[in-house]
Amino acid sequence: MEKRRTDCPALPPGWKKEEVIRKSGLSAGKSDVYYYSPSGKKFRSKPQLVRFLGSSVDLSCFDFRTGKMAPGKLQKSKQRTRHDPGSGKPDLNTALPIRQTASIFKQPVTKVTGHPGNKVKSDQQRATEQPRQLFWEKRLKGLRSSDVTQETLRTMDLPSGLHCIGPDPSEDCLLWAISSALHLSSGPISGQSSSAEKNPAVWINCSQPPCRSFTVTEQHIRVQEQVVNQVRRSLEEALTADTLARTAESTRERRAR
DNA sequence: GCCACCGGTGGC
DNA sequence: GCCACCGGTGGC
1084 MEKRRTDCPA
1094 LPPGWKKEEV
1104 IRKSGLSAGK
1114 SDVYYYSPSG
1124 KKFRSKPQLV
1134 RFLGSSVDLS
1144 CFDFRTGKMA
1154 PGKLQKSKQR
1164 TRHDPGSGKP
1174 DLNTALPIRQ
1184 TASIFKQPVT
1194 KVTGHPGNKV
1204 KSDQQRATEQ
1214 PRQLFWEKRL
1224 KGLRSSDVTQ
1234 ETLRTMDLPS
1244 GLHCIGPDPS
1254 EDCLLWAISS
1264 ALHLSSGPIS
1274 GQSSSAEKNP
1284 AVWINCSQPP
1294 CRSFTVTEQH
1304 IRVQEQVVNQ
1314 VRRSLEEALT
1324 ADTLARTAES
1334 TRERRAR
């Protein structure tokens, strides 16, 4: 086992696991486990793996030390979340679907080259397109966003008339699917073909959300404009209130001194 | 400068 | 007390 890289069936093809026994020091005899990506990048911890693999692999049951999936064990592994004291919040460990989904969004990255010491690291394998899971929306089922007081936030309303197809025809899934499609695609979002509706598992078009083909009308656009305007007004009011509160606060502090 | 390696520490 | 995780550094 020592210093030999072995295949790791629980990870995608090409990933290797290595166990290195400590030879000296107080921890002599203990071992460190490392993983190597197909491109040779070394990983020292599960959080590091999760950050890298994002939504492409579900590592919630992955046991970093053994390199195997631990089924049914309710993942009681000692995953630490540094800088997060925890609270009554739902399980925010590595299985966090929100994070995994967020990572599929193609977000712009600013490459700063102005500083002489700067280095830009890149991983070609990671940069290229990753395979996507069919009906991934189901993984988000039952999750709700909440504000700092744990109050569940109201989700967005989709325009009526959208008809979800696939294994989970709930409106939640459709909302996630459509917002994700809008992020990922530069083309129009129009739904699935009629054959996909008959047998989604075979005919689904991954670049479109799993819903019946639809058309966006002038009326839809008008309604959405109103919604956006309303939200902007609310935001403006909140920001104004916040500025006023801060000013009042600093005035009070100055007077107290 | 890189990285293999061990130590330190926080969460359990 | 154990150990997952990651910081730090000596050796190259």
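Going by the numbering used here, the first sequence opens with residue 1084, and the numbers climb by one from there. Cβ coordinates follow ideal geometry from the N, Cα and C atoms, glycine included. All values reported here derive from a predicted model rather than from experimental measurement.
- Between the alpha carbons of E1332 and Q1307 lies a distance of about 37 Å.
- When secondary structure is reduced to three states using DSSP, K1100 falls in the strand class.
- Taking the Cα positions, G1225 is about 24 Å away from E1280.
- In this structure, L1257 is the residue among T1334, L1257, V1311 and L1136 with its C-alpha nearest to the C-alpha of F1297.
- Using a Cβ distance threshold of 7 Å, Y1119 and K1125 count as a contacting pair.
- At a Cβ-Cβ threshold of 7 Å, Q1291 and Q1313 do not count as neighbours.
- With contacts defined as CB atoms closer than 7 Å, F1145 and A1093 qualify as a contacting pair.
- Between F1218 and P1250, the gap from beta carbon to beta carbon is short of 7 Å.
- Nearest to D1141 by C-alpha distance, out of I1261, P1095, P1121 and G1108, is P1095.
- I1104 counts as exposed, since fewer than 16 other C-beta atoms from the protein chains shown sit within 10 angstroms of its C-beta.
- The beta carbons of W1259 and E1220 sit closer together than 7 Å.
- Counted as a single uninterrupted DSSP element, the alpha helix (DSSP H) harbouring V1285 occupies residues P1283 to W1286.
- Residue burial is scored here from C-beta neighbours: A1339 has fewer than 16 other C-beta atoms within 10 angstroms and is therefore classed as exposed.
- Comparing C-alpha distances from I1304 to each of L1136, P1242 and R1335 shows the shortest one belongs to P1242.
- Measuring C-alpha to C-alpha distances from K1099 to each of I1248, N1282 and R1148 identifies R1148 as the nearest.
- The bridge partners DSSP lists for C1247 are C1294.
- For K1113, no pairing in a beta bridge is given by DSSP.
- In this structure V1133 is buried. Its beta-carbon is surrounded by 16 or more other beta-carbon atoms within 10 angstroms.
- Counting only the Cα atoms, R1335 lies some 33 Å from L1236.
- For T1330, the secondary structure class from DSSP, reduced to helix, strand or coil, is helix.
- By alpha-carbon distance to L1245, the top candidate from T1238, L1223, S1273 and S1228 is S1273.
- Counting along the chain, the unbroken alpha helix (DSSP H) around V1133 starts and ends at K1129 to L1136.
- 7 Å or more divides the Cβ of G1097 from the Cβ of P1130.
- With distances taken between CA atoms, G1137 lies nearest to Q1216 out of A1321, Q1216 and M1239.
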